[in-house]
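Colleague: If you read the sequence shown in the working numbering, its first letter stands for residue 2, the second for the next number, and so on. So that we are looking at the same thing, I have put the structure below in structure tokens.
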Amino acid sequence: MRMFLSFIATLALAALLGLWLPFWSLALSAAIVGYVVRPGGWSSFLAGLLAGALLWGGLAYWADSANAGILSSRVGALFNTSGMGMVGITAAVGGVLAGLGAALGDRLRITVRP
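Structure follows, in structure tokens:
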């Protein structure tokens with residue numbers, strides 16, 4: 002249950018902070034949720050990973066659909082992949098960023114409050 006709560010809270014807080022702060026707000030929000038909700042160990046990382054991948058993948062797909070895939074296919078040509086491949090890469094980067102942020106928040110809580 003804490004993992005699901007951590008997933009939803011990370012998704013909501015990252016979407017909210019992402020309106021005003023730069024890309025690192027995803028890691029910051031995941032760290033805050035990992036610190037406060039206390040999902041524990043791998044559950045913290047996995048909840049952050051899934052939330053970050055869903056958020057950044059969804060935003061990348063939305064932006065890709067808004068311009069008929071022109072930008073992602075051109076950037077994908079630089080990396081020798083398709084436009085949807087770039088959406089997948091963006092989702093993976095967002096997932097790893099949020100997962101590591103959530104793990105940092107969880108470990109920081111253990112360090113600060115033994």
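Virtual Cβ for every residue (Gly too), placed ideally from N, Cα, C. Quick caveat, the model's predicted, so the values are computed rather than measured.
Taking 8 Å as the limit between beta carbons, can you name the residues of its chain near Gly89, skipping five residues before and five after?
Modeller: Contacts found: Gly58.
Colleague: Tell me the rounded alpha-carbon separation between Ala92 and Ala99.
Modeller: 11 Å
Colleague: Report, in whole angstroms, the separation of the C-beta atoms of Gly102 and Ala52, which I expect to be a contact under 8 Å.
Modeller: Their Cβ separation, rounded to whole angstroms, is 10 Å, which puts Gly102 and Ala52 out of contact at 8 Å.
Colleague: So Leu22 and Gly95 are in contact, right, with Cβ under 8 Å, and what is the actual spacing, rounded?
Modeller: Their Cβ separation, rounded to whole angstroms, is 14 Å, which puts Leu22 and Gly95 out of contact at 8 Å.
Colleague: Does DSSP put Arg110 in a helix, a strand or coil?
Modeller: Here Arg110 sits in helix by DSSP.
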